[in-house]
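Counting in the working numbering, the sequence shown runs from 2 upward without gaps. No residue lacks a Cβ here, since even glycine has one placed at the ideal position from N, Cα and C. Please read the structure below before turning to the comments.
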Amino acid sequence: MAMSSLPPMEDLDDDDLVFGTDKDQDLLDVDVFNPVEYINKQFPNEASLKGLDDFVQKLKARKQQTDDEIRLAIRRQAATGRRARADLDEAKGAVRELFERIRTIKSKAQQSEELVKEVCAEIKELDLAKRNLTLTITTLKRLVMLVTALEQLRAAGRARNYEEASKLLYAVEELAGHFADLRHISRVQDLLEKKCAVLDDLKQQVLDDYRSLLSGGAEQADLPEDWTVGAAHYVDALGAKMRQEVVTRFCLGLLEEYKDIFQPPKEDSRLEMADRRFAWLDRMLLKFEERYSTIFPSSWKIPQALCEHFCHITRQHLVELLSTSHHSIDPELLVRTLRRSIDYENKLARKFPVEPAEEEEAAAAAAAEPE
2 MAMSSLPPME
12 DLDDDDLVFG
22 TDKDQDLLDV
32 DVFNPVEYIN
42 KQFPNEASLK
52 GLDDFVQKLK
62 ARKQQTDDEI
72 RLAIRRQAAT
82 GRRARADLDE
92 AKGAVRELFE
102 RIRTIKSKAQ
112 QSEELVKEVC
122 AEIKELDLAK
132 RNLTLTITTL
142 KRLVMLVTAL
152 EQLRAAGRAR
162 NYEEASKLLY
172 AVEELAGHFA
182 DLRHISRVQD
192 LLEKKCAVLD
202 DLKQQVLDDY
212 RSLLSGGAEQ
222 ADLPEDWTVG
232 AAHYVDALGA
242 KMRQEVVTRF
252 CLGLLEEYKD
262 IFQPPKEDSR
272 LEMADRRFAW
282 LDRMLLKFEE
292 RYSTIFPSSW
302 KIPQALCEHF
312 CHITRQHLVE
322 LLSTSHHSID
332 PELLVRTLRR
342 SIDYENKLAR
352 KFPVEPAEEE
362 EAAAAAAAEP
372 E
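And the structure:
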């Protein structure tokens, strides 16, 4: 240590003899500490050495303080480490507990899902059973209603209460439609066959009742006075095919007299008697208007049907007549008869015009009917 370079004692300030000032602390806290430089700075001359003992005491106190601070820091660090490990262990325990709770919740959720699936399956089975039970009850009710309606229809038909029978017929057909897919069941098949038998019997009965209009006598006397109104409604309820059959049979019944009179080779079947054929139809149309027009609905158009069947029968008569005597027929008579026939057909066409819509409807109905 270069003691010779120290300044005299009297040149030192009091501040230079004080240890532990901020300046000293700054020198001790530098990154690169130079002890020689530090001591020279503290004892720059011999006079300053008188404070050496105090400096040593302060240095020891500083060392002790530093040791205490280091020990305190170590203890704090150890305590902090223990707390950190404890906190870490606690966090790990919390995470494990959380995972366990999540696993428990997931397990319960799976159990709940399985339970819900089981409940839903049971509900579906119960719902299906309920629907089947409801459908069975409804089917049984309809079956009872069909049996009852059939008996009522049979009774109404026997009593010639055709008005009531027409209403029951609609009900029977609607109820029977619900059993179309159950024909494989023997009892249902028997019931449907019974229905067809009842309808066939009533159909034949209605045809016989309308035929009695032409024959008269005891058969017609046994019928109720207003049976024709209800019978017309019942025939309409049976459909267009039944209505067409009634009209056709009645018209052919009216034309029986015409066929008896003008059927070749009878005298009145000759070509020169063609006017008598047309006169007969005029009289029959007048007779129908007076006697039967109030019995049949105008929508049935029986006069038109009568004229149509008359023309078909007349054509058959003339074809048969010409085929057997074409070699002996007078050509002038043939032409005159042809013209007279055309004039009369035009007269009928004017009297009973056919609308295009009616022609289309008749063609469609004929195409829809089974062979």
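Expected contact under 8 Å - CB spacing of residue i and residue j to nearest Å
i	j	result
alanine 381	threonine 338	Residue coverage of the chain in this structure runs from 2 to 372, which leaves residue 381 outside it and unanswerable.
lysine 267	isoleucine 314	The Cβ separation is near 14 Å, so there is no contact.
tryptophan 301	arginine 244	6 Å
lysine 196	valine 173	6 Å
Run of the alpha helix (DSSP H) containing residue i, from where it starts to where it stops
i	result
isoleucine 186	Neither: isoleucine 186 is in no alpha helix (DSSP H) and is coded neither H nor E.
isoleucine 296	Looking at the DSSP string, isoleucine 296 is not in any alpha helix (DSSP H), and its letter there is neither H nor E.
glycine 240	That residue, glycine 240, is in no alpha helix (DSSP H); it is neither H nor E in DSSP.
histidine 313	303 to 326
methionine 146	53 to 159
proline 416	Beyond the ends of the chain as shown, which are 2 and 372, falls residue 416; an answer cannot be given.
glutamate 226	First-last for glutamate 226: undefined, no H or E at that position.
asparagine 41	36 to 43
glutamate 175	163 to 178
aspartate 261	257 to 263
Check whether residue i and residue j have beta carbons under 7 Å apart
i	j	result
valine 248	isoleucine 296	no
histidine 318	phenylalanine 263	yes
leucine 169	alanine 181	no
leucine 334	leucine 272	yes
leucine 50	phenylalanine 56	no
cysteine 308	leucine 349	yes
leucine 147	leucine 176	yes
phenylalanine 353	glutamine 305	yes
glutamate 164	glycine 231	yes
leucine 192	proline 265	no
arginine 132	histidine 179	no
The ligand HEM heavy atom lying under 6 Å from the CB of residue i
i	result
threonine 139	Here there are no bound small molecules, and the ligand HEM is not part of this structure.
Contact with chain C by residue i, beta-carbon distance below 7 Å
i	result
arginine 86	Looking for chain C here will not work: only one protein chain is present.
May I ask you to verify whether the region 273 to 281 touches the region 222 to 240, counting CB pairs closer than 8 Å and requiring at least 3? no
Does the region 186 to 199 come within contact of the region 231 to 241, defined as at least 3 CB pairs closer than 8 Å? no
How about the region 143 to 161 and the region 188 to 205: do they share at least three Cβ pairs that are nearer than 8 Å? yes
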